[in-house]
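Asker: Before I ask anything, here is the structure I am working with.
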Amino acid sequence: MAQKKPKKPARPVPAKKGVARREPVPAKGRAVRPRPVAKKPSPATKPSPAKKAGPVVAKKPVPSDPFGEKALVATFTELIRRAATSMPPDILAAIEAARDREAEGSVARETLGVLLENSRIAAATSRPVCQDTGMPLFEVAVPRGVSIRAIEKAAAKATEVATATGYLRPNSVDTLSGKNTGNAPGRGMPIVHVHEHSRSGLKADLILKGGGCENVGAQYSLPNSELGADRDLDGVKRIVLDAVFQAQGKGCSPGILGVCMGGDRASGMGEAKRQLFRKLGDRSPEPALAAAEEELLTKGNLLGVGPMGFGGKTTLLGVKMSHLARLPASYFVSVSYMCWATRRASVEVSSSGKAVYAQ
Amino acid sequence: MSLARKLTTPLTPEVVRSLKRGDAVEVSGLMVTGRDALHKLWVKTWPEYPDLDLRGAVLYHCGPVMRKEKNGSWSVLAAGPTTSIREEPYQAAVIGKYGFGGVVGKGGMGLKTLAGLKEHGAVYLHAIGGAAQVLAQRVVRVLGVRHLEELGVPEAMWIYEVKDFPLIVTMDAHGDSLHEEVRKGSKEVLDELLGRKKPAA
């Protein structure tokens, strides 16, 4: 519980207060003091404490802030560790079921078995499931008043710590100079999206998406006469099947597809990628899309690409679809391909600092 | 893979030519990692490695997670394959220059490499993508590293001794490619699903 500091007599100096508040941050992301509103008034803009010497209660050293940068570095580092080293249970169950469907003694069956064995070793040893530990994408929902900059800095710092520890590979290359930045995060990496929600806690979702599967993602503009794809859901389905065909095994199949119809080129691909946070059992709330998800999963698996492109019944583990409004002139279909190693994890931090992780 | 044929480097031309598309093998011996930046460096400067005999060794498209231990030695934390097709422009020339007997990666490679395999007597061996832990366990020793300073950890040329490294021959030295076969089969299904006529081969 709270590590209360003795109350400072009368007039704490603002600068020192800032230090005191950041002190008690334990390692496991469990911050200490109930302090729901995280906004930290900067000493400069604060009314001088000297002028408000009266009510002492308000003058206590402010406790550690669970949504502040320091606490979140620990929370996010643990989040990265979990995502990088242990596979979500729904994905493992799907791979296991797929393995049992493949023919006895087939390369496909053996391969899926190796994926399961690999996942077991990674979780048991806290080592990365895949050596391409991917582009970290954080989607963070915060209560009103939490500093967005603190979240961004914490995500970057946590990426650095996790890289130095070996949960992540030094995975950031400065594109202009061609140099790997080493342990340091790079320009625009990790990707951190923060938005406000109406709850009192913070929720962070993380996905680590490797380059091999990112490379086989695709964006099409409809109509597409070669595929017989008009500007409608049937056209979208044709596009998705072509994308699976084009990817073959190169995205480390069996894969999971995030699909968005509509939007502009940037928002469409972003929305497609966000679908990958959804669990495999999750169905689109739109009945037409829910049906399309089922249909494309079945048809995609008929292609026979199989695990790693060796051939087999298991080419896809899931299809997740969404839609965004578009301009009359545009009709994009964005397909984000995620490899079998769908490394996602989430954490909810309550206003009292209690962190609950889930996959 | 239980029925895998055991191979030891150097892979001789006879052994290489006896391998067929679809064979499961387990390779032991000398393996060096090399990916995008190293291939680029190779074809630009063709560095020599006088203390390293790469004839018949295996080249691995891999950017591993490595950790330097306190005593200065290196540990392999994760070492699965990366996508090979990016090395397509360089691969045949690299095999010709250094004499690799096998190229290990994932996703397969193109016609230029397929021709290079045939010409130089080498095979393309597919590792299981994402199986970074299973494969790291088959690296029994890190023998050294080259170009670490200039290329960084994932892109450097790591020199490994491996034992029973599990692989599938997907492109052999006779011009056969499992990738072409799977692609062709899936194309037929796709055409059927889209109600298209099969295009002329």
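Residue numbers (our numbering), protein chains in the order written: chain F, 316 to 674; chain Z, 103 to 303.
Glycine included, C-beta positions come from ideal geometry on N, C-alpha and C.
#1: Kindly indicate which residue of 131/Z, 118/Z, 195/Z, 149/Z has the alpha-carbon position closest to the one of residue 272/Z.
#2: Could you tell me whether the Cβ atoms of residue 472/F and residue 555/F are closer together than 7 Å?
#3: Helix, strand or coil for residue 118/Z, going by three-state DSSP, please let me know.
#4: How far does the alpha helix (DSSP H) with residue 527/F in it reach, from first residue to last?
#5: Within 7 Å of any Cβ in chain F, is that where the Cβ of residue 196/Z sits?
#6: In terms of residue numbering, what span does the alpha helix (DSSP H) encompassing residue 245/Z cover?
#7: Starting from residue 620/F and walking both ways along the beta strand (DSSP E), at which residues does that stretch end?
#8: Give me the Cα-Cα distance between residue 624/F and residue 107/Z, rounded to the nearest whole angstrom.
#9: Using DSSP with H/G/I as helix, E/B as strand and the rest coil, what is residue 679/F?
#10: Please identify, using Cβ separations under 8 Å, the residues of the region 288-299 of chain Z that lie next to chain F, in order along the chain.
#11: May I have a chain-ordered list of the beta strand (DSSP E) segments no shorter than 3 residues that lie completely inside the region 176-250 of chain Z?
#12: Could you name the residues of the region 258-283 of chain Z whose beta carbon sits closer than 8 Å to any beta carbon of chain F, in the order they occur along the chain?
#13: With the cut-off set at 7 Å, would you say residue 434/F and residue 402/F are in Cβ contact?
#14: Can you list, in chain order, the residues of the region 165-193 of chain Z whose Cβ is nearer than 8 Å to any Cβ on chain F?
#15: Do you know how far the Cα of residue 432/F is from the Cα of residue 617/F?
#16: Starting from residue 655/F, trace the beta strand (DSSP E) in both directions and tell me its first and last residue.
#17: Assess contact between the region 530-548 of chain F and the region 460-480 of chain F, defined as three or more Cβ pairs (one per stretch) separated by less than 8 Å. Is contact present?
#18: If you compare alpha carbons, which of 416/F, 448/F, 626/F is closest to residue 397/F?
#19: Have a look at residue 380/F and residue 503/F and give me their C-alpha separation to the nearest angstrom.
#20: Could you tell me the distance, in whole angstroms, from the CA atom of residue 111/Z to the CA atom of residue 159/Z?
#21: Since residue 126/Z meets chain F, which of its residues come closer than 9 Å, beta carbon to beta carbon?
#22: According to DSSP, simplified to helix, strand and coil, what is residue 390/F?
#23: Following the continuous alpha helix (DSSP H) through residue 561/F, name the residue where it begins and the one where it ends.
#24: If the cut is a Cβ gap below 7 Å, which residues of chain F does residue 285/Z touch?
#25: What residues from chain F crowd round residue 256/Z, counting only those whose CB sits closer than 9 Å?
#26: To the nearest angstrom, how far is the alpha carbon of residue 199/Z from that of residue 184/Z?
#27: Name, going along the chain, the residues of the region 213-235 of chain Z whose beta-carbon falls closer than 7 Å to a beta-carbon of chain F.
#28: Who are the neighbours of residue 208/Z on chain F, taking C-beta pairs under 9 Å?
#29: Report yes if the C-beta distance between residue 485/F and residue 178/Z is below 7 Å; otherwise report no.
#30: Taking residue 575/F as the query, report the chain Z residues whose CB atoms sit under 7 Å from its CB, ordered along the chain.
#31: For the putative contact between residue 229/Z and residue 205/Z, defined by C-beta atoms under 8 Å, what is the C-beta separation to the nearest angstrom?
#32: Residue 366/F by DSSP, collapsed to three states: which one?
#33: Suppose you measure from the CA of residue 232/Z to the CA of residue 195/Z; what does that come to, to the nearest Å?
#34: Per DSSP, what are the beta-bridge partners of residue 454/F in this structure?
#35: Which value, in whole angstroms, describes the spacing of the CA atoms of residue 674/F and residue 234/Z?
#36: As an exercise, report each continuous alpha helix (DSSP H) stretch of at least 4 residues that is fully enclosed by the region 566-621 of chain F, in chain order.
Answerer: Reading from the atomic positions:
#1: The residue you call residue 272/Z lines up with position 170 of the second sequence. Ranked by Cα distance from residue 272/Z, the first of 131/Z, 118/Z, 195/Z, 149/Z is 118/Z.
#2: Indexing the first sequence from 1 puts residue 472/F at position 157. Indexing the first sequence from 1 puts residue 555/F at position 240. Not in contact: residue 472/F and residue 555/F (Cβ atoms no closer than 7 Å).
#3: By one-based count along the second sequence, residue 118/Z stands at place 16. Helix, per DSSP.
#4: The count along the first sequence starts at 1 and reaches residue 527/F at position 212. Run containing residue 527/F: 526-530, per the alpha helix (DSSP H) assignment.
#5: For the purposes of this step, residue 196/Z is taken as the residue at position 94 of the second sequence. Chain F contact via Cβ: absent.
#6: Residue numbering aside, residue 245/Z sits at position 143 when the second sequence is read from its first letter. According to the DSSP assignment, residue 245/Z belongs to no alpha helix (DSSP H) but to the beta strand (DSSP E) extending over 241-248.
#7: What you label residue 620/F is simply residue 305 of the first sequence in a count that begins at 1. Run containing residue 620/F: none; DSSP gives neither H nor E here.
#8: On the first sequence, residue 624/F is found 309 positions in, with the first residue counted as 1. On the second sequence, residue 107/Z is found 5 positions in, with the first residue counted as 1. Cα to Cα, residue 624/F sits roughly 21 Å from residue 107/Z.
#9: Not covered by the structure: residue 679/F. The range shown for chain F is 316 to 674.
#10: 288, 289, 291, 292, 295, 296, 297, 298
#11: 176-180, 204-207, 225-228, 241-248
#12: 268, 270, 272, 280, 281, 283
#13: As a working mapping, residue 434/F is identified with position 119 in the first sequence. As a working mapping, residue 402/F is identified with position 87 in the first sequence. Taking 7 Å as the Cβ cut-off, residue 434/F and residue 402/F qualify as a contacting pair.
#14: 165, 166, 167, 169, 179, 180, 181, 182, 184, 185, 187
#15: Position 302 of the first sequence, counting from 1, holds the residue named residue 617/F. Position 117 of the first sequence, counting from 1, holds the residue named residue 432/F. Computed Cα separation, rounded: 26 Å.
#16: Counted from its first residue, the first sequence places residue 655/F at position 340. It is not in any beta strand (DSSP E) - residue 655/F carries neither H nor E in the DSSP assignment.
#17: Output reads no: the region 460-480 of chain F does not touch the region 530-548 of chain F.
#18: Along the first sequence, one-based indexing puts residue 397/F at 82. The shortest Cα separation from residue 397/F among 416/F, 448/F, 626/F belongs to 448/F.
#19: Position 65 of the first sequence, counted from the first residue, corresponds to residue 380/F. Position 188 of the first sequence, counted from the first residue, corresponds to residue 503/F. So the alpha carbons of these two residues sit roughly 26 Å apart.
#20: Against the second sequence, residue 111/Z aligns to sequence position 9. Against the second sequence, residue 159/Z aligns to sequence position 57. Spanning the two alpha carbons is a distance of roughly 6 Å.
#21: Locating residue 126/Z in the second sequence gives position 24, where the first residue counts as 1. Correct list: 422, 425.
#22: Within the first sequence, residue 390/F is the residue found at index 75, counting from 1. Looking at residue 390/F - three-state DSSP - the assignment turns out to be helix.
#23: Along the first sequence, read from residue 1 onward, the residue named residue 561/F stands at position 246. Start and end: 548-562.
#24: Position 183 of the second sequence holds residue 285/Z. In chain order: 563.
#25: What you label residue 256/Z is simply residue 154 of the second sequence in a count that begins at 1. Chain F residues near residue 256/Z: 446, 447, 484, 485, 486, 488, 495.
#26: In the second sequence, residue 199/Z corresponds to position 97, counting from 1. In the second sequence, residue 184/Z corresponds to position 82, counting from 1. Straight-line Cα distance between these residues: approximately 22 Å.
#27: Listed by position along the chain: 228, 230, 231, 232, 233, 234, 235.
#28: Locating residue 208/Z in the second sequence gives position 106, counting from the first residue. Within 9 Å Cβ-Cβ: 527, 564, 565, 567, 623, 624.
#29: Taking the first residue of the first sequence as position 1, residue 485/F is located at position 170. Taking the first residue of the second sequence as position 1, residue 178/Z is located at position 76. Cβ atoms of residue 485/F and residue 178/Z: not closer than 7 Å.
#30: Stepping through the first sequence from its first residue, residue 575/F is reached at position 260. Going along chain Z, no residue has its Cβ under 7 Å from residue 575/F, so there is no contact; the nearest lies around 21 Å.
#31: Start at 1 with the first residue of the second sequence, and residue 229/Z comes out as number 127. Start at 1 with the first residue of the second sequence, and residue 205/Z comes out as number 103. With 8 Å as the limit, residue 229/Z and residue 205/Z do not qualify as a contact, their Cβ atoms being about 11 Å apart.
#32: By 1-based counting over the first sequence, the position of residue 366/F is 51. Caution applies to residue 366/F, whose pLDDT of 46 falls short of 50 and renders its modelled position unreliable; the value that the coordinates give is listed next. Looking at residue 366/F - three-state DSSP - the assignment turns out to be helix.
#33: One-based indexing of the second sequence puts residue 232/Z at position 130. One-based indexing of the second sequence puts residue 195/Z at position 93. Each residue's Cα considered, the two are about 27 Å apart.
#34: Residue mapping note: residue 454/F aligns to position 139 of the first sequence, counting from 1. Note: residue 454/F sits in a beta bridge opposite 508/F, 520/F.
#35: One-based indexing of the first sequence puts residue 674/F at position 359. One-based indexing of the second sequence puts residue 234/Z at position 132. About 21 Å.
#36: 580-589, 602-617
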